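In the UniProt record's numbering, the protein residues as written are 1 to 435.
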Amino acid sequence: MTSLWIVAVPAPHGEDKEHAQLTRATQARNMSLNHEFSVPLDLKVGTLDSLISLCDDLAKMDAVVEGFAKKLNKTYSDLSMKDISRVQKFPSELQVDGKIPIKYIQEFKWNRAKFPINSHLKEIAQSITQSAGGVNKSLSERLQKLNEAQGALLSIERREGGSLMMRSLASLVDRKDVIEGEYITSVPVVVSINRRKEFEDSYETIETEKSKEDIAREEEELKAKENSRLEEYAKLEERALELKLEIPEIGKIKPKAPIQCSSVVPGSLKLLFKDDEYVLYRVVVMKKGLSSFASVCRNRRFNVRQFKLDEAAEVKDEVNQKEKLQSDVRSSLLSLLRWCQPQYSDIFASWIHLKAIRTFVESVLRFGLPVNFVAQFIQPLKGKEKSLRRTLGDLYRHLGGSKAAGADDNDVDFTGLAGEFYPYVFLNLPLGVET
């Protein structure tokens with residue numbers, strides 16, 4: 001993220017001469033890119049006490065407005081990357097008065113119509129902060145509306161896009177595929193795609209033909225029951241001996257006779273839907289045999305799903321709701337992107353005016369009256385921050401005490417927010433979107 005330094009120094013020998021000296025010492029030595037910051041010198045000064053009080057307030061206001069501007073910029077940056085926003089052309093970067101932010105800064109001129117110079121500085125600063133707060137509130141409300149619509153849409157899409165084992169079948173089952181009668185009913189069956197042929201070959205006789213798994217399972221169940229009966233009989237026999245009673249022998253448990261008639265209507269299988277994992281079929285069965293068919297399918301790991309015709313009406317409503325939500329999301333997103341541009345232009349320009357007020361107030365408090373100083377936007381070149389800081393410290397050492405000379409390099413913080421002291425007025429101006 002780009003960061004500019006705002007540096008202000010007294011101009012006892014004239015503004016042009018001071019600008020030239022500062023530029024020569026920094027930009028000419030390939031340490032930075034410099035541009036004049038045209039802070040009006042005829043702003044209303046007020047009393048010393050009011051300036052001291054305002055100085056503390058301005059630092060807080062500056063941080064607040066900066067935060068609002070960054071939030072607006074990041075919101076625009078994030079939303080403009082969404083596919084839906086590309087239906088319309090939007091600039092990749094928000095502009096300020098028709099210029100990119102850095103260009104606006106480099107060509108900054110005080111807006112005397114919007115911020116009259118005869119107004120009290122505190123009133124101007126408060127109006128900027130209040131206006132920015134209103135924009136931030138509106139942004140939060142618009143984002144909430146967009147997020148609610150996106151959340152509702154995502155919920156519907158999740159229901160539609162889940163596994164066939166869980167998702168609603170209403171959008172996949174056509175009314176004409178549902179055959180219902182007094183004695184018959186339609187059953188949706190979900191089958192693993194790699195067992196598709198097995199189900200297609202066996203669905204008509206699945207109740208009457210036992211699989212190897214069925215036979216093995218029944219044998220296990222039969223064996224368990226037989227063992228249980230033998231244990232009970234042994235206890236009973238032991239008790240009978242004690243009482244000198246005779247008891248009849250028990251016979252073996254006979255396996256259940258297989259069902260001779262299938263409840264499936266032959267030829268009723270129909271493929272309704274398939275994805276990468278599962279296949280959805282429709283099978284028509286006799287209502288009396290539904291539970292038997294479902295039980296056999298469950299034992300074979302074929303999943304019989306519940307379905308009612310009125311679900312189709314529900315999904316129709318959901319489809320209509322989805323279309324409306326898609327329209328709402330699109331409308332809210334495009335509206336928000338269009339809204340961001342003028343709001344950002346206003347809030348960013350106001351923020352730079354607030355920086356100008358801070359520069360003015362701190363310069364008056366630092367250098368005294370009459371008001372006579374120059375200010376520049378200085379963009380340090382990569383890797384030149386320490387050298388630039390040292391050069392400025394040497395150049396303006398005479399403006400402050402030993403503390404001002406540019407403390408030890410290890411103590412240098414380039415944010416401008418840590419409370420360090422320099423012999424010149426220093427403010428930091430971060431630009432761009434934080435990631």
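Note that beta-carbon positions come from the ideal geometry of N, C-alpha and C, so glycine has one too.
Given the structure is predicted, the values throughout are model-derived calculations rather than measurements.
As assigned by DSSP and simplified to three states, the class of residue i
| i | result |
| --- | --- |
| Q306 | coil |
| R158 | helix |
| H353 | helix |
| S32 | strand |
| N372 | coil |
| V265 | coil |
| L143 | helix |
| Y424 | coil |
| K382 | coil |
| T415 | With a pLDDT of 34 at T415, under the threshold of 50, the predicted position of this residue should be treated as unreliable, and no value is reported. |
| R301 | coil |
| I347 | helix |
| R282 | strand |
| T2 | coil |
| L153 | helix |
| L272 | strand |
| I128 | helix |
| L431 | coil |
| S192 | strand |
| T205 | coil |
Cβ-Cβ separation, residue j to residue i (assumed contact under 8 Å), whole Å
| i | j | result |
| --- | --- | --- |
| R358 | L427 | 6 Å |
| L146 | L333 | 6 Å |
| K355 | D62 | 7 Å |
| L272 | V173 | 6 Å |
| L431 | I102 | 6 Å |
| T26 | T391 | 6 Å |
| H353 | N111 | 7 Å |
| L143 | K44 | With 8 Å as the limit, L143 and K44 do not qualify as a contact, their Cβ atoms being about 38 Å apart. |
Reference residue i; option with closest CA among the options
| i | options | result |
| --- | --- | --- |
| residue 503 | K137, Q379 and K382 | The structure shown does not extend to residue 503, since the chain spans only 1 to 435, so no value can be given for it. |
| E66 | I193, E93 and I347 | I347 |
| L94 | K176, L280 and S77 | S77 |
| F307 | A170, I100, G151 and Q126 | A170 |
| P423 | L395, L431, P430 and L429 | L395 |
| E182 | I124, L54, W339 and M286 | M286 |
| I6 | D16, V39, N30 and A25 | V39 |
| N34 | C340, W351, Q376 and G98 | Q376 |
| E420 | E219, G400 and K89 | G400 |
| S363 | V64, K17, A25 and D42 | D42 |
| V9 | I378, C297 and L431 | I378 |
| E36 | V374, R389, P380 and C297 | V374 |
| S202 | D275, R389, F302 and L337 | F302 |
| K397 | P380, V64 and V425 | As written in the sequence, residue 397 is Arg, which differs from the Lys given in the question. When each option's Cα is compared against that of R397, the closest is V425. |
| E107 | G98, E207 and L72 | G98 |
| S163 | D56, K274 and D49 | K274 |
| V64 | Q130, Q21, A113 and L51 | Q130 |
Residue i: CB within 7 Å of a non-hydrogen atom of the ligand ZN
| i | result |
| --- | --- |
| E237 | Questions concerning the ligand ZN fall outside what the structure shown contains, since it holds no ligand whatsoever. |
> Which whole runs of the beta strand (DSSP E) in the segment 86-119 are 3 residues long or more, in chain order?
Replying inline: none
> Looking at C-beta atoms only, is the number of pairs between the segment 263-280 and the segment 228-239 that lie closer than 8 Å three or more?
Replying inline: no
>> So within the segment 4-61, which uninterrupted alpha helix (DSSP H) runs reach at least 4 residues, ignoring any that extend past its ends?
In response: 15-26
> For the segment 320-327 against the segment 138-158, are there 3 or more C-beta pairs whose distance is under 8 Å?
Replying inline: yes
> Is the segment 266-284 in contact with the segment 185-197, if contact means three or more CB pairs nearer than 8 Å?
Replying inline: yes
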